[in-house]
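Chemist: Numbering (our numbering), first residue to last: 37 to 234.
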Ligand code: GAR
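What follows is the structure in structure tokens.
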């Protein structure tokens with residue numbers, strides 16, 4: 037049986053923050069087209085004006101803005117404008133999807149339990165960057181991705197869901213990233229739904 041349609045007014049208004057190609061954003065946007073999905077992707081914001089994901093968002097008919105962090109003297113002043121754009125769009129939840137800017141407590145405390153992130157490792161392992169290479173260097177047998185809440189601890193908020201994949205002999209950082217990304221998409225779509233439905 038297909039899920040019941042969710043009335044537009046009852047769908048949570050979600051913004052996706054990106055810095056690059058936006059494949060996780062596109063997965064969320066695609067899922068949100070389904071009448072039964074409890075979120076609407078209303079806004080995409082990139083801190084990098086040349087992010088490919090901005091154009092992709094527009095192809096989905098989603099409003100896409102660039103707020104270039106380089107134009108701001110401090111993280112907080114950048115985050116002030118980010119916050120304002122989210123408030124202007126009546127956003128209920130924020131999904132970071134390859135958003136490569138650390139958010140300060142000034143921002144995260146204004147959105148408690150309202151910001152999600154996808155991270156390409158099995159947190160608490162490998163917070164930060166170069167997660168695929170670090171998993172290989174450590175000789176791990178498994179790798180994966182995590183959706184978690186964002187708070188002031190970098191990649192340290194409560195875990196919502198994880199997917200684990202096996203590391204194969206001969207895997208490189210690139211091959212791992214490529215094999216992991218479809219799992220990221222599925223995990224993020226399911227996690228956002230789970231958060232909204234409670
Ligand atoms: C994804 O692999 C995501 O997990 C990672 O960036 C990639 C973005 O790809 N995020 C981080 O590393 C955050 N620290 P996408 O732009 O195609 O969604």
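For glycine and all other residues, C-beta sits at the position ideal for the given N, C-alpha and C.
These numbers were taken from a predicted model, which means no experiment stands behind them.
Compare the beta carbon distance of residue 52 and residue 74 with 7 Å and say whether it is the shorter of the two.
Modeler: Not in contact: residue 52 and residue 74 (Cβ atoms no closer than 7 Å).
Chemist: Out of 116, 87, 102 and 97, which has the shortest C-alpha to C-alpha gap to residue 66?
Modeler: Nearest of 116, 87, 102 and 97 to residue 66, Cα basis: 97.
Chemist: Helix, strand or coil for residue 165 per DSSP?
Modeler: Correct three-state label for residue 165: coil.
Chemist: Would residue 156 be called buried (16 or more neighbouring beta carbons within 10 Å of its own) or exposed?
Modeler: Result: buried.
Chemist: Could you spell out where the beta strand (DSSP E) holding residue 214 opens and where it closes?
Modeler: It is not in any beta strand (DSSP E) - residue 214 instead sits in the alpha helix (DSSP H) that spans 209-233.
Chemist: Comparing C-alpha positions only, which one of 175, 80, 183 and 229 sits nearest to residue 205?
Modeler: Of the candidates 175, 80, 183 and 229, the one whose C-alpha sits nearest the C-alpha of residue 205 is 175.
Chemist: Could you tell me which residues DSSP puts in a beta bridge with residue 153?
Modeler: Answer by DSSP bridge pairing, in chain order: 132 and 184.
Chemist: Could you tell me the distance, in whole angstroms, from the CA atom of residue 100 to the CA atom of residue 228?
Modeler: About 20 Å.
Chemist: Whole angstroms is fine: what's the gap from residue 140's alpha carbon to residue 84's?
Modeler: Going from the Cα of residue 140 to the Cα of residue 84 covers about 18 Å.
Chemist: State the beta-bridge partners of residue 43 as determined by DSSP.
Modeler: Answer is none; residue 43 lacks a bridge partner.
Chemist: Have a look at residue 93 and residue 202 and give me their C-alpha separation to the nearest angstrom.
Modeler: Those two C-alpha atoms are separated by around 32 Å.
Chemist: Taking the beta strand (DSSP E) that residue 84 belongs to, which residues open and close that run?
Modeler: From DSSP, residue 84 is part of no beta strand (DSSP E); its letter is neither H nor E.
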